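Residue 56 is where the sequence shown starts when you use this note's numbering, and the numbers rise one by one after that.
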Amino acid sequence: MLRTACTSALRAPSHRIVLTPHVATRLLVATYPRAFSTDTALRNSLSAKPADAKAVQGTEGLHRKDLVPEQRKAEEKVLTTTDVATEQPPIHGDWVLFHPVYSDGELKAVKVIHREPTTLPDKIARTLVTTTRRCFDWVSGYKEKSEPPALNLSLEELRKQGYAMTDHQWLQRILFLETIAGVPGMVAAVLRHLRSLRLMRRDAGWIHTLLEEAENERMHLMTFMTIRKPSIFFRALVLGAQGVFYNAFFLSYLISPRICHRFVAYLEEEAVHTYTRCIADLENGRIPEWENFPAPEIAKDYWRLRPDAKMVDVLYAVRSDESTHRFVNHSLANLDYKSDINPFAFREPDMHVKGTKLGFEREEAEEYVQESHKMLGRH
Numbered sequence: 056m057l058r059t060a061c062t063s064a065l066r067a068p069s070h071r072i073v074l075t076p077h078v079a080t081r082l083l084v085a086t087y088p089r090a091f092s093t094d095t096a097l098r099n100s101l102s103a104k105p106a107d108a109k110a111v112q113g114t115e116g117l118h119r120k121d122l123v124p125e126q127r128k129a130e131e132k133v134l135t136t137t138d139v140a141t142e143q144p145p146i147h148g149d150w151v152l153f154h155p156v157y158s159d160g161e162l163k164a165v166k167v168i169h170r171e172p173t174t175l176p177d178k179i180a181r182t183l184v185t186t187t188r189r190c191f192d193w194v195s196g197y198k199e200k201s202e203p204p205a206l207n208l209s210l211e212e213l214r215k216q217g218y219a220m221t222d223h224q225w226l227q228r229i230l231f232l233e234t235i236a237g238v239p240g241m242v243a244a245v246l247r248h249l250r251s252l253r254l255m256r257r258d259a260g261w262i263h264t265l266l267e268e269a270e271n272e273r274m275h276l277m278t279f280m281t282i283r284k285p286s287i288f289f290r291a292l293v294l295g296a297q298g299v300f301y302n303a304f305f306l307s308y309l310i311s312p313r314i315c316h317r318f319v320a321y322l323e324e325e326a327v328h329t330y331t332r333c334i335a336d337l338e339n340g341r342i343p344e345w346e347n348f349p350a351p352e353i354a355k356d357y358w359r360l361r362p363d364a365k366m367v368d369v370l371y372a373v374r375s376d377e378s379t380h381r382f383v384n385h386s387l388a389n390l391d392y393k394s395d396i397n398p399f400a401f402r403e404p405d406m407h408v409k410g411t412k413l414g415f416e417r418e419e420a421e422e423y424v425q426e427s428h429k430m431l432g433r434h
């Protein structure tokens, strides 16, 4: 049973979080910062506030007036008639929601790991994922066999016997997976948004992270769509699968958000496994069509890849994203969805944590929240 001290730090009261003495172990501080304001002292507190709480500059997000004086001066420059035709106002920020950009070391740090279900809700989630994966495998034509007994088979023979997949088969598997993977984050975000409106209280930081997950999965789909356009039949399968899955997940989230987040985390475990196998096949020469295939331009922009990035670099980045979703959803499933704060509202651990650890337990989430407060308080 969790101690009361743990509960007090994770819940979302109207007062500031009180640091508890029992927390001793310090987590890694290498993180991806989420800059909601240019002044860290004015950023949101990680404790949720009531709707009528006093607001300070930067409380609800970054505004152009929060820019440093030099940037504001550039934006507020008085244009002459001639300037209007020749000068455009500067653009700040990205065109997508927050998402990590990985170093080479982080890309290689991801491991295939699995959380054994111990409770009944976890076992239900795992059983549902197993069933869902079998359906996905059947629809997308995905096959996974162990190494063949004879090691001297040609690539053509390996593919004919089902020990290796063609680039076309891999793309079909990935495209179908990504059309479904973007559903849970959006459904959960919508339901939490409606809950916040219905109860007239703040959400404690969950909505943004869930929307980021949904968009991230959609960007995976947009990336692979530049390589191959699905057929009408494939699109019809996606239409049916999305309709069934969206409504099923919607109803399930109303019943048990915890099981749903665990379900997504187990699903992401499967995704990490799939992309790891794809990377291994590519690096071992089993997908020669992709060995020198250049990364799509949208991928270079989204993940800030090198100009000469190849397909393998895209796969490593996508796998790291899936590992992030695995980590985040296992963590959220360990929290009290009604009142606990989202520990990733301001920053996320780097891939040396997310890629090797199966999420935060509740006490670890408490410690991470407290560490975030300390980091923000230093500035």
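Virtual Cβ for every residue (Gly too), placed ideally from N, Cα, C. Computed from a predicted model, the values in this text were never measured in an experiment.
Checklist entry - Using a Cβ-Cβ cut-off of 6 Å (strictly less than) and excluding sequence neighbours within five positions of Asp258, which residues of its own chain qualify? => result Against the sequence shown, residue 258 aligns to sequence position 203. Answer for Asp258: Arg247 and Ser251, listed in chain order.
Next on the checklist: In the DSSP output, which residue or residues are listed as bridge partners for Pro349?
Outcome noted: On the sequence shown, residue 349 is found 294 positions in, with the first residue counted as 1. According to DSSP, which records beta bridges pairwise, Pro349 is partnered with Lys365.
Next on the checklist: Using a Cβ-Cβ cutoff of less than 8 Å, which residues in the same chain neighbour Ala106 once the five nearest sequence positions on both sides are dropped?
Outcome noted: As a position in the sequence shown, residue 106 is number 51, starting the count at 1. Reliability fails at Ala106, whose pLDDT of 43 lies under 50, so the model's placement of it is uncertain and no value is given.
Checklist entry - Who are the Cβ neighbours of Ala388 in its own chain at under 7 Å, not counting the five residues just before and after it? => result Numbered from its first residue, the sequence shown carries residue 388 at position 333. If we look at Ala388 and ignore the five residues flanking it on each side, its Cβ neighbours are Arg313, His316, Arg317 and Ala320.
Checklist entry - Within the 9 Å Cβ cut-off, does Glu161 reach chain D? => result Looking for chain D here will not work: only one protein chain is present.
Item to check | Sequence-distant residues of the same chain with beta carbon closer than 6 Å to Thr411, five excluded per side | outcome: Position 356 of the sequence shown holds residue 411. The answer, listed in chain order, is Lys166.
Checklist entry - According to the neighbour-count rule (16 or more other Cβ atoms, all chains shown, within 10 Å of its Cβ), is Ile235 buried or exposed? => result Numbered from 1 along the sequence shown, position 180 holds the residue referred to as residue 235. Answer is buried; the Cβ neighbour count reaches 16.
Checklist entry - Measuring CA to CA, which of Lys163, Leu431, Thr182 and Cys190 is closest to Leu400? => result Your numbering for residue 400 matches position 345 in the sequence shown. A small fix is needed here, since residue 400 is Ala in this sequence, not Leu. Per the Cα distances, Leu431.
Item to check | Inter-residue Cα distance where the pair is Pro351 and Thr174 | outcome: Position 296 of the sequence shown, counted from the start, is the residue given in the question as residue 351. Position 119 of the sequence shown, counted from the start, is the residue given in the question as residue 174. Distance between the alpha carbons of Pro351 and Thr174 is about 43 Å.
Next on the checklist: Starting from Val299, trace the alpha helix (DSSP H) in both directions and tell me its first and last residue.
Outcome noted: On the sequence shown, residue 299 is found 244 positions in, with the first residue counted as 1. Ile287 to Ile310 is the span of the alpha helix (DSSP H), which, as asked, contains Val299.
Checklist entry - How about Asn271 and His380: do their beta carbons lie closer than 9 Å? => result Position 216 of the sequence shown, counted from the start, is the residue given in the question as residue 271. Position 325 of the sequence shown, counted from the start, is the residue given in the question as residue 380. Cβ atoms of Asn271 and His380: closer than 9 Å.
Item to check | Buried versus exposed, by CB contacts within 10 Å (16 or more), Glu324 | outcome: One-based indexing of the sequence shown puts residue 324 at position 269. With 16 or more Cβ atoms within 10 Å of its Cβ, Glu324 is classed as buried.
Checklist entry - Can you pull the DSSP bridge partners for Asp391? => result Counting from 1 along the sequence shown, the entry for residue 391 is found at position 336. Beta-bridge pairing links Asp391 to no other residue.
Next on the checklist: By alpha-carbon positions, which one of Pro343, Ser378 and Val383 ends up nearest to Lys365?
Outcome noted: Indexing the sequence shown from 1 puts residue 365 at position 310. The candidate whose alpha carbon is nearest that of Lys365 is Pro343.
Next on the checklist: Could you tell me the alpha carbon to alpha carbon distance between Lys393 and Leu162, rounded to whole angstroms?
Outcome noted: Position 338 of the sequence shown, counted from the start, is the residue given in the question as residue 393. Position 107 of the sequence shown, counted from the start, is the residue given in the question as residue 162. Rounded to whole angstroms, Lys393 to Leu162 spans 34 Å at the Cα level.
Checklist entry - In chain order, what residues of the same chain have a beta carbon less than 6 Å from the beta carbon of Lys429, not counting five sequence neighbours either side? => result Locating residue 429 in the sequence shown gives position 374, counting from the first residue. Nothing meets the Cβ criterion.
Next on the checklist: For a test of the three-state rule: what should DSSP assign to Leu431, helix, strand or coil?
Outcome noted: For the purposes of this step, residue 431 is taken as residue 376 along the sequence shown, with counting starting at 1. Residue state, collapsed to three classes: helix.
Next on the checklist: So for Val165, helix, strand or coil by DSSP?
Outcome noted: The count along the sequence shown starts at 1 and reaches residue 165 at position 110. It is coil, neither helix nor strand.
Item to check | Whole-angstrom distance between Asp356 and Ile334, CA atom to CA atom | outcome: Numbered from 1 along the sequence shown, position 279 holds the residue referred to as residue 334. Numbered from 1 along the sequence shown, position 301 holds the residue referred to as residue 356. Distance between the alpha carbons of Ile334 and Asp356: 21 Å.
Item to check | Helix, strand or coil at Trp358 according to DSSP, with G and I counted as helix | outcome: Translated into the one-based positions of the sequence shown, residue 358 becomes position 303. Trp358: coil per DSSP, three-state reduction.
Item to check | Under 9 Å between C-beta atoms of Phe288 and Leu232 | outcome: What you label residue 288 is simply residue 233 of the sequence shown in a count that begins at 1. What you label residue 232 is simply residue 177 of the sequence shown in a count that begins at 1. Not a contact, by the Cβ cut-off of 9 Å.
Item to check | Minimum length 4: unbroken alpha helix (DSSP H) runs contained in the segment 228–298 | outcome: 238–254 and 261–280
Checklist entry - Considering only residues of the same chain and omitting the five flanking positions on each side of Tyr308, which have a CB-CB separation below 7 Å? => result Translated into the one-based positions of the sequence shown, residue 308 becomes position 253. Excluding positions up to five away in sequence, the list reads Val242, Ala243, Leu246 and Cys315.
Next on the checklist: Let me make sure I understand the geometry here. Which of Leu413, Pro404 and Lys409 has the alpha-carbon closest to that of Glu426?
Outcome noted: Residue numbering aside, residue 426 sits at position 371 when the sequence shown is read from its first letter. When each option's Cα is compared against that of Glu426, the closest is Pro404.
Next on the checklist: For Glu377 and Val299, what's the separation of their Cα atoms in angstroms?
Outcome noted: Start at 1 with the first residue of the sequence shown, and residue 377 comes out as number 322. Start at 1 with the first residue of the sequence shown, and residue 299 comes out as number 244. When rounded, the distance between both Cα atoms is 23 Å.
Item to check | Whole-number beta carbon distance between Thr278 and Ala354, since they are thought to touch under 8 Å | outcome: Here the question's residue 354 lines up with position 299 in the sequence shown. Here the question's residue 278 lines up with position 223 in the sequence shown. Sure, about 5 Å apart at Cβ, within 8 Å.
Checklist entry - Whose CA, out of Asp177, His275 and Val293, lies closest to the CA of Ala372? => result In the sequence shown, counting from the first residue as 1, residue 372 sits at position 317. The shortest C-alpha separation from Ala372 is found at His275.
Checklist entry - With 16 as the cutoff for other CB atoms within 10 Å, does Gln216 come out buried or exposed? => result Residue numbering aside, residue 216 sits at position 161 when the sequence shown is read from its first letter. The residue is exposed, with fewer than 16 neighbouring Cβ atoms inside 10 Å.
Next on the checklist: Alpha carbons only, please: which of Ile396, Thr182, Asp391 and Phe305 is nearest the one belonging to Gly423?
Outcome noted: Looking up residue 423 in the sequence shown gives position 368. The sequence shown places Tyr at residue 423, rather than the Gly named in the question. Per the Cα distances, Ile396.
Next on the checklist: Within 10 Å of its beta-carbon, does Val156 have 16 or more other beta-carbons around it, so buried, or fewer, so exposed?
Outcome noted: As a position in the sequence shown, residue 156 is number 101, starting the count at 1. Exposed, since its Cβ has fewer than 16 Cβ neighbours within 10 Å.
Next on the checklist: Quick check on Arg290: buried or exposed, where buried means 16 or more other Cβ atoms within 10 Å of its Cβ?
Outcome noted: Position 235 of the sequence shown holds residue 290. That one is exposed.
Checklist entry - Helix, strand or coil for Gln216 per DSSP? => result Walking along the sequence shown from the start, residue 216 turns up at place 161. Correct three-state label for Gln216: coil.
Checklist entry - Alpha carbon to alpha carbon, how far is Leu206 from Glu212? => result Stepping through the sequence shown from its first residue, residue 206 is reached at position 151. Stepping through the sequence shown from its first residue, residue 212 is reached at position 157. Their backbone Cα atoms lie some 11 Å apart in a straight line.
Item to check | DSSP state of Arg170 mapped onto helix, strand, coil | outcome: Your numbering for residue 170 matches position 115 in the sequence shown. Of the three classes helix, strand and coil, the one that applies to Arg170 here is coil, per DSSP.
Next on the checklist: Could you compute how far the alpha carbon of Ala164 sits from the alpha carbon of Glu346?
Outcome noted: Here residue 164 refers to the residue found at position 109 of the sequence shown. Here residue 346 refers to the residue found at position 291 of the sequence shown. Distance between the alpha carbons of Ala164 and Glu346: 22 Å.
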